[in-house]
Amino acid sequence: MQKAKLILDKAYTIAKIDPRMYGSFIEHLGRAVYGGIYEPGHPLADEQGFRKDVIQLVRDLDVPVVRYPGGNFVSGFNWEDSVGPKELRPKRLDLAWFTTETNEVGMHEFYDWCKKANTECMYSINLGTRGAEEARDVVEYANHKGGSKFSDMRIANGKKEPLDIKLWCLGNEMDGPWQMEHKTAYEYGRRANEAAKMMKWVDPSIELVACGSSNSHMPTFGDWELTMLNECYENVDYVSLHTYYGNPTNDPASFLGSSMDLDEFIKTIVAICDTVKGKKHGKRQINLSFDEWNVWYHSREQDNEIWKQDKWGRALPLLEDIYNFEDALLVGCILNTFLRNADRVRVACLAQLVNVIAPIMTKNGGGAWAQTIYWPMKYASQYGRGQALLPVMESPVYDSKLFDGVPMADASAVLRDDGTLAVFVVNRSLTEDIELTVDLRAFGNLAVKDHVMLKNDDLKAVNTEENPNNVAPVKGPGGKVEDGVLTVKLEKLTWNMYLLG
Ligand code: AHR
6 MQKAKLILDK
16 AYTIAKIDPR
26 MYGSFIEHLG
36 RAVYGGIYEP
46 GHPLADEQGF
56 RKDVIQLVRD
66 LDVPVVRYPG
76 GNFVSGFNWE
86 DSVGPKELRP
96 KRLDLAWFTT
106 ETNEVGMHEF
116 YDWCKKANTE
126 CMYSINLGTR
136 GAEEARDVVE
146 YANHKGGSKF
156 SDMRIANGKK
166 EPLDIKLWCL
176 GNEMDGPWQM
186 EHKTAYEYGR
196 RANEAAKMMK
206 WVDPSIELVA
216 CGSSNSHMPT
226 FGDWELTMLN
236 ECYENVDYVS
246 LHTYYGNPTN
256 DPASFLGSSM
266 DLDEFIKTIV
276 AICDTVKGKK
286 HGKRQINLSF
296 DEWNVWYHSR
306 EQDNEIWKQD
316 KWGRALPLLE
326 DIYNFEDALL
336 VGCILNTFLR
346 NADRVRVACL
356 AQLVNVIAPI
366 MTKNGGGAWA
376 QTIYWPMKYA
386 SQYGRGQALL
396 PVMESPVYDS
406 KLFDGVPMAD
416 ASAVLRDDGT
426 LAVFVVNRSL
436 TEDIELTVDL
446 RAFGNLAVKD
456 HVMLKNDDLK
466 AVNTEENPNN
476 VAPVKGPGGK
486 VEDGVLTVKL
496 EKLTWNMYLL
506 G
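In terms of my numbering, the sequence shown opens at residue 6 and continues consecutively.
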C-alpha cells in the first residue's frame, strides 16, 4: 500500500472561508428555469408554480448565492421584459441558445424563489447589447427604496421593500466571439468601468464582478485580464473565472488530474490582479469570483441534434449532462482546490443548479433527484465553513497523458466554527490504496466523529430517477487517532470526509 502524510495545524490558516464559495447558477437556458425550478401544474408545484421537491434539494445543498439570469443569455436580455404583469411580458428570441424566452419567470419571481430556497440572488447585467444606462436603471429598480422612476416601478409591481441584491456581474464572457456584442478587452474594460461607477453611485453597498476570460485557453487569456482591469480596477471587486472540464477520450487519470490546471489558473489570475494593483499603487485587493465551474461534455452531441430538430423551441432539454462517479471525484478535487485558495477565491458558482449541467435533475411531471456531483458539493457546503487550513501534504504521485506529478491524495481542511475539524480527501489513484497519516498534534485530543465516503466500483456509474442512490454517500470505517496522529486507509478512487472533534 502507498503511504501519504498530511500535517495540519491551527496556526497554518489560509483564510476565513467566504460561504459564497458554495454558490451556484441558474440561467434562462434549457430546462433550468422552465421544467426545473418552475413547473406550474406539477403535483408538487407551489402557488407560484415552483417545484417544492426541487426547493428541498436546493435547501439541502445549502447554496448561499445563485447567479442569475445568465450566462450567455444575459448578453441579449432586457431586464424590463421580465418585470410587471406576466401577461404583458414579451416573448423573445434568445440568440444565445436559439430558444424562445417567454419571461414567465422574471426578477420578482426569481427573488421569491431565492427566499424559498434559502439563498440570495447574484444578478448579472447585460453589457453585451446594453450598457451603463441600463446597468444604472436596474440597480435603481432593485435596490433603491422608492421615490424615483424605477424604484417606484418596482413598488407598483408589488415589491415595496428593495430587493437589496448585493452582488452583481458586469456582463458575461465578453471575451468570447460567441457572445452577443463580444468586445475587445479595452472596449469591455471601459464599458464595465462606466457601468460600475454609475451602479455604485446608485447603491454604494453593492459588490461588482468584472468578466475575466471565458477559460484559460482563450487566445487573449492574461492580456484580457490585464487590459480590462487596467480600465476598471478602481470600481470593481472581483474578476470572474470560468472553467469546464471533460473526459471525451476516456482518460480518467488525466481527467482526475484536471484540478492541477485549475490551481494554476487561479494563481495566474491572482498574479494579474496583484500586478494591476501594484502598477496603480492601489490599495484595493481584487479577489476572484469563480462563477462558472463544473464538468461539461456529456451532452454536447445531443444538443446539436436538439437544435437540428427544434430551433426556437421553449425549454428544450439542453446541456443535460448525466454525471457519473468519476465526475463526482473531480468535483471533490475542485472543491479542495478552492478551499486551498480560499484567501482569494471568495465566490464560486457550480454551473449550473437544475437540469442544465447540474447536480439536480428533474423529469417534467415526474421526480427530482441528486446527480453524483451533488454529494461532494453538499458536504463541502455543509461542513466546509470556518477557517481554511493549509494542508501540508506529502503524497505519492502519478503521471498521466496531460499532467505529470499528480498527487494521488488530494486534500483540504477546515477548522469549523464549532471547533470541529473537517478533512476532505480524494484518493484519485486508479490503482493504489493509500495509508494516510494526519498529524493533528496541534489540536489536542481529537477523535473521528464521522467518516463519509463516496465509492463505487464503476467510474461510469450514474444516478437516475429509478435508481437515485446508485452513487450516494456511505458511512466509512473512520480511523484511529494515537498520540495526535490519525491513521486512515484511503481506498483507491474514493472521496472522503473525516469529521474530527
Ligand atoms: O453555463 C453554460 C454556459 O457556459 C454559460 O451560459 C456561459 O457563460 C458559458 O459559456
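Note that the Cβ used here is the ideal one computed from N, Cα and C, for glycine as well.
The structure displayed is predicted, hence computed values, not measured ones.
Looking only at C-alpha atoms, which of the options sits nearest to residue i?
{"i": "Asp423", "options": "Tyr388, Asp444, Ala452, Asp415", "result": "Tyr388"}
{"i": "Asn148", "options": "Leu246, Arg159, Glu138", "result": "Arg159"}
{"i": "Gly483", "options": "Val457, Ala333, Asn461", "result": "Val457"}
{"i": "Asn369", "options": "Ala20, Gly217, Asp58", "result": "Asp58"}
{"i": "Asp266", "options": "Asp279, Trp298, Lys485", "result": "Trp298"}
{"i": "Lys480", "options": "Asp455, Asp409, Asp99", "result": "Asp455"}
{"i": "Gly371", "options": "Pro24, Val38, Leu49", "result": "Leu49"}
{"i": "Leu451", "options": "Leu441, Val490, Ala418, Ser219", "result": "Val490"}
{"i": "Met179", "options": "Leu168, Cys216, Ala373", "result": "Cys216"}
{"i": "Val63", "options": "Leu175, Arg289, Lys120", "result": "Lys120"}
{"i": "Asp51", "options": "Asp23, Glu114, Gln290", "result": "Glu114"}
{"i": "Met26", "options": "Gly40, Ile339, Asn472", "result": "Ile339"}
{"i": "Asn472", "options": "Glu125, Gly449, Trp374", "result": "Trp374"}
{"i": "Gly89", "options": "Lys497, Lys164, Ser405", "result": "Lys164"}
{"i": "His222", "options": "Ile277, Phe270, Pro167", "result": "Phe270"}
{"i": "Asp99", "options": "Lys91, Tyr116, Trp118, Asn77", "result": "Asn77"}
May I ask you to list the residues that DSSP assigns as paired with residue i?
{"i": "Gly318", "result": "Answer is none; Gly318 lacks a bridge partner."}
{"i": "Ala418", "result": "Leu394, Val428"}
{"i": "Phe295", "result": "Ala353"}
{"i": "Ile19", "result": "Ile19 pairs with nothing; no bridge assigned."}
{"i": "Ile130", "result": "Leu175"}
{"i": "Asn501", "result": "Val430, Met458"}
{"i": "Phe270", "result": "Paired residue(s): none; Phe270 is not in a bridge."}
{"i": "Arg72", "result": "Phe30, Met127"}
{"i": "Trp374", "result": "Met366"}
{"i": "Arg56", "result": "Ala50"}
Answer yes or no: do residue i and residue j have a C-beta to C-beta separation smaller than 7 Å?
{"i": "Leu355", "j": "Ser129", "result": "no"}
{"i": "Val476", "j": "Thr377", "result": "yes"}
{"i": "Glu32", "j": "Gly75", "result": "yes"}
{"i": "Val453", "j": "Leu505", "result": "yes"}
{"i": "Asn198", "j": "Glu236", "result": "yes"}
{"i": "Ala101", "j": "Ala140", "result": "no"}
{"i": "Tyr379", "j": "Val300", "result": "no"}
{"i": "Ile42", "j": "Val361", "result": "no"}
{"i": "Ala9", "j": "Ile274", "result": "no"}
{"i": "Gly194", "j": "Met233", "result": "yes"}
{"i": "Tyr243", "j": "Val214", "result": "yes"}
{"i": "Gly262", "j": "Phe155", "result": "no"}
{"i": "Pro396", "j": "Met413", "result": "no"}
{"i": "Pro381", "j": "Ala333", "result": "yes"}
{"i": "Asp348", "j": "Ala37", "result": "no"}
{"i": "Val207", "j": "Met127", "result": "no"}
{"i": "Leu293", "j": "Val350", "result": "yes"}
{"i": "Pro257", "j": "Leu93", "result": "no"}
{"i": "Ser87", "j": "Gly54", "result": "no"}
{"i": "Lys96", "j": "Thr104", "result": "no"}
{"i": "Gly133", "j": "Gln61", "result": "no"}
{"i": "Asp67", "j": "Ser386", "result": "yes"}
With 16 as the cutoff for other CB atoms within 10 Å, does residue i come out buried or exposed?
{"i": "Leu11", "result": "buried"}
{"i": "Trp84", "result": "buried"}
{"i": "Asn501", "result": "buried"}
{"i": "Leu246", "result": "buried"}
{"i": "Tyr238", "result": "buried"}
{"i": "Met6", "result": "exposed"}
{"i": "Tyr384", "result": "buried"}
{"i": "Arg345", "result": "buried"}
{"i": "Pro364", "result": "buried"}
{"i": "Thr436", "result": "exposed"}
{"i": "Thr492", "result": "exposed"}
{"i": "Ala161", "result": "exposed"}
{"i": "Glu138", "result": "exposed"}
{"i": "Gly40", "result": "buried"}
Keeping to the same chain, check which residues put their C-beta closer than 7 Å to that of residue i; ignore five residues upstream and five downstream.
{"i": "Leu420", "result": "Lys15, Gly391, Gln392, Leu394, Leu426"}
{"i": "Leu323", "result": "Leu34, Gly35, Trp102, Asp308, Ile311, Val361"}
{"i": "Tyr328", "result": "Val300, Gln376, Thr377, Ile378, Val467"}
{"i": "Asn123", "result": "Arg64"}
{"i": "Ile170", "result": "Cys126, Tyr128, Ala147, Asn148"}
Excluding the 5 residues flanking residue i on each side, which residues of the same chain have their C-beta closer than 6 Å to its C-beta?
{"i": "Val79", "result": "Ser129, Asn131, Asn177"}
{"i": "Thr499", "result": "Asn432, Met458, Lys460"}
{"i": "Ser304", "result": "Leu324, Glu325, Asp326"}
{"i": "Asn240", "result": "Asn198, Ala201, Lys202"}
{"i": "Trp229", "result": "Asp180, Ala190, Ser218"}
{"i": "Thr442", "result": "Lys10, Val490, Thr492"}
{"i": "Asn252", "result": "Phe260"}
Establish whether the CB of residue i and some CB of chain D are separated by less than 7 Å.
{"i": "Thr248", "result": "Looking for chain D here will not work: only one protein chain is present."}
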